[in-house]
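Chemist: Here it is, the structure in full.
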Amino acid sequence: MNSRIALAFAAIGIGAGSLANPAIGQAGGFQHVQSEHLGGLQFVEQGSEQPAPADNLGDTFAGFDVGDSSGDDQALPQQPVENLDVTPAQPDEMTQRVEAEPDVVAARTNVDRLSDWVKETQANLEGRTRRYEIAQGHATRLLEELHGKPDEIRAAAKRIQEAKDERAKLVRTAYKSPATITKADPLSAGNATNINDSLHSGESIRRAIERADEHIRQLEHAASLDRENFQIASTSARAALAEINELEASSEALNKALEQGNQNLTEARATLEATRKAARARLDAQAAAEAAARAAQQAAQQARTVSPDGTQVVVSPIPAQAQNMNAGWDLWRMATINGAQQVMTCPVGHPVSFIDSWGFPRSGGRTHKGVDMMAAKGTPIYAVADGHVERAYWNRLGGLSINFVDSLGHKYYYAHMDAVYVTDGQQMKVGDVMGAVGNTGNAQSTPPHLHFQFHPNHGGPVPPYELTRSLCGPND
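Going by the numbering used here, 402 is the number at position 126 of the sequence shown; the sequence numbering is gapless.
Okay, here's the thing in structure tokens:
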């Protein structure tokens, strides 16, 4: 027998031995009350070491997950489903060509198949959770109904035994009746009166015995009904608790399968992305001249000049091929800061969003001295230009932070990072990964983001919004 079921029934006074033998007791009623087996259900003696019935069944069965369903019960564990959206909403021409490549189609079909399986398994698990909650409530109600019933049945047995004892006394009194004595001398004087009295007394005793027999039959009938109802309720409670155990076991197996399915889905998505990148590289190679012409035209159209706090900055896109850069990352910019040029890029991987929050109020009477670039936790953080890590450290406000100095001597402050992959003095190339987006420091109550500051000539911070907007693309 499952330990959950045994413990739950022990808590209301039903022994494990009786659960293994659910048969109804002898038809003659409670003939073996002293054996403490009533209707095949074992009852616990007062003062025994079995758990006593609790006043609050929610507390009694808290360890069995059959507590008050109105509370914060721990439902069956569920494995979360990952974001399954792997197709851009509005693909451009190149993306359409990539998605039409046969190897990409095959990889995407595999992702769709795994996604459907994960959704179906999740729905199955949710259905089992609903069944679990229903069974939990049913078991709680039944155990509440059973609570105290053993004592009531024992009390009924005691009343039956007391009634039988009273009947036995009446029988003994009948045997001692004077009517049996006067028959020996029927002619003695005064015998007529004695005989009438004796007959009257014997008739009274006979009626009393008949009434006692009827009373005993009524008590036994009521006790038999109580035992049958008790047996039905206890059988139903056993079934409900068994169903709870089965649901927990099967849900655990489903969770493991779902965990493996999510892992397979993650791997399939990674394969799909790698296949897309390879397909894009092939198509890029075929259209290199056309892409370079488009990039040159785009550079002429998108070149812009920004002036954060008097610092003159000119930023314009450049083709990745022209700088021998990673063709899979198109946010390469030629930046001219106070007359000096360098290649720069967006400090955060995409998708990213931000607004001009310079000067917004902060705790302790401070004002915001940077731009908060919102992105998913773990999104790569890049070196904004060629340069070196001046310092990688932890501080109370910024959490995991980096002071980065580019080759022109301008400083950039990165804060609230979830991870840092560089060390003090490390030389970096533009686009090298330095860490990951997070919300450490005093940003633990906010969504993950990179707090980014721009310090021209290693001086004080200036409003960085226009610079980051130029490097990362329009956000409006």
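Don't be surprised by glycine CBs; every beta carbon is placed ideally from N, CA and C. This structure is a prediction, so every number in the text was calculated from the model and none was measured.
The alpha helix (DSSP H) spanning residue 746 covers which residue range?
Modeler: 741–748
Chemist: Is residue 653 closer than 8 angstroms to residue 714 when the C-beta atoms are compared?
Modeler: yes
Chemist: Which residue's Cα is closest to the Cα of residue 753: 729, 686, 558 and 611?
Modeler: Nothing can be reported for residue 753, as the shown portion of the chain is limited to 277 through 752.
Chemist: What first and last residue would you give for the alpha helix (DSSP H) that runs through residue 447?
Modeler: Annotation for residue 447: the continuous alpha helix (DSSP H) segment containing it runs 425–451.
Chemist: Using DSSP with H/G/I as helix, E/B as strand and the rest coil, what is residue 651?
Modeler: coil
Chemist: So, using beta-carbon positions, are residue 716 and residue 693 closer together than 8 angstroms?
Modeler: Taking 8 angstroms as the cut-off, the beta carbon of residue 716 is found closer than this to the beta carbon of residue 693.
Chemist: Use the C-beta contact count for residue 688: other C-beta atoms within 10 angstroms, 16 or more gives buried, fewer gives exposed.
Modeler: Counting Cβ neighbours within 10 Å, residue 688 comes out buried, since at least 16 surround it.
Chemist: With distance defined between alpha-carbon atoms, name the residue in 366, 373 and 749 nearest to residue 557.
Modeler: 373
Chemist: Taking the alpha-carbon of residue 498 as reference, which of 635, 431 and 482 has the nearest alpha-carbon?
Modeler: The residue with the shortest Cα to Cα distance from residue 498 is 431.
Chemist: Just the Cα atoms here: how many angstroms apart are residue 535 and residue 527?
Modeler: 12 angstroms
Chemist: Do you know how far the Cα of residue 366 is from the Cα of residue 391?
Modeler: 21 angstroms
Chemist: For residue 508, is the classification buried or exposed, using 16 other Cβ atoms within 10 angstroms of its Cβ as the cut-off for buried?
Modeler: With fewer than 16 Cβ atoms within 10 Å of its Cβ, residue 508 is classed as exposed.
Chemist: Identify every residue that forms a DSSP beta bridge with residue 703.
Modeler: 664
Chemist: Among all the DSSP beta bridges, which residues are the ones paired with residue 670?
Modeler: 676
Chemist: Is it buried or exposed, residue 298, if we count other Cβ atoms within 10 angstroms and call 16 or more buried?
Modeler: Confidence at residue 298 is low in this model, with a pLDDT of 36, below 50, so the placement of that residue is unreliable and no value is reported for it.
Chemist: Pairing CB atoms from the region 514–534 with CB atoms from the region 398–409, are three or more of them under 8 angstroms?
Modeler: yes
Chemist: With H, G and I counted as helix, E and B as strand and the rest as coil, what does DSSP make of residue 607?
Modeler: In this structure, DSSP gives residue 607 a state outside helix and strand, which the three-state scheme calls coil.
Chemist: Could you give the distance in angstroms between the alpha-carbon of residue 259 and the alpha-carbon of residue 523?
Modeler: With the chain covering 277 to 752 only, the question about residue 259 has no answer from this structure.
Chemist: Hey, residue 704 and residue 698: beta-carbon distance below 8 angstroms or not?
Modeler: yes
Chemist: Output the boundary residues of the beta strand (DSSP E) element that contains residue 695.
Modeler: 687–696
Chemist: Answer with yes or no whether the minimum CB distance from residue 666 to chain C is below 8 angstroms.
Modeler: Annotation note: the requested chain C is absent from the structure, which comprises a single protein chain.
Chemist: Between the beta-carbon of residue 485 and the beta-carbon of residue 436, is there less than 8 angstroms?
Modeler: no
Chemist: Between 730, 745 and 691, which lies nearest to residue 712 when the distance is taken from Cα to Cα?
Modeler: 691
Chemist: In whole angstroms, what separates the C-alpha of residue 724 from that of residue 650?
Modeler: 6 angstroms
Chemist: Quick one: what's got a C-beta closer than 8 angstroms to residue 617's C-beta in the same chain, skipping five residues either side?
Modeler: 610 and 611
Chemist: Could you check the C-alpha separation between residue 502 and residue 428 for me, to the nearest Å?
Modeler: 9 angstroms
Chemist: Suppose contacts are defined by Cβ-Cβ distances below 8 angstroms. Is residue 706 in contact with residue 621 by that definition?
Modeler: yes
Chemist: Using C-beta distances below 6 angstroms, list every residue in its chain close to residue 708, excluding the 5 sequence neighbours before and after it, in chain order.
Modeler: 659
Chemist: From this set, 632, 510 and 685, which residue's C-alpha is nearest residue 740's C-alpha?
Modeler: 632
Chemist: Looking at residue 624 and residue 657, is the spacing between their C-beta atoms short of 8 angstroms?
Modeler: yes
Chemist: Spell out the partners DSSP gives residue 629 in its beta bridges.
Modeler: 650
Chemist: Straight-line CA distance for residue 749 to residue 368?
Modeler: Roughly 17 angstroms separates the two Cα atoms.
Chemist: Can you check which of these residues, 440, 420 and 732, is closest to residue 614 by C-alpha distance?
Modeler: 732
Chemist: In the DSSP assignment, find the unbroken alpha helix (DSSP H) run with residue 422 in it and report its ends.
Modeler: 378–422
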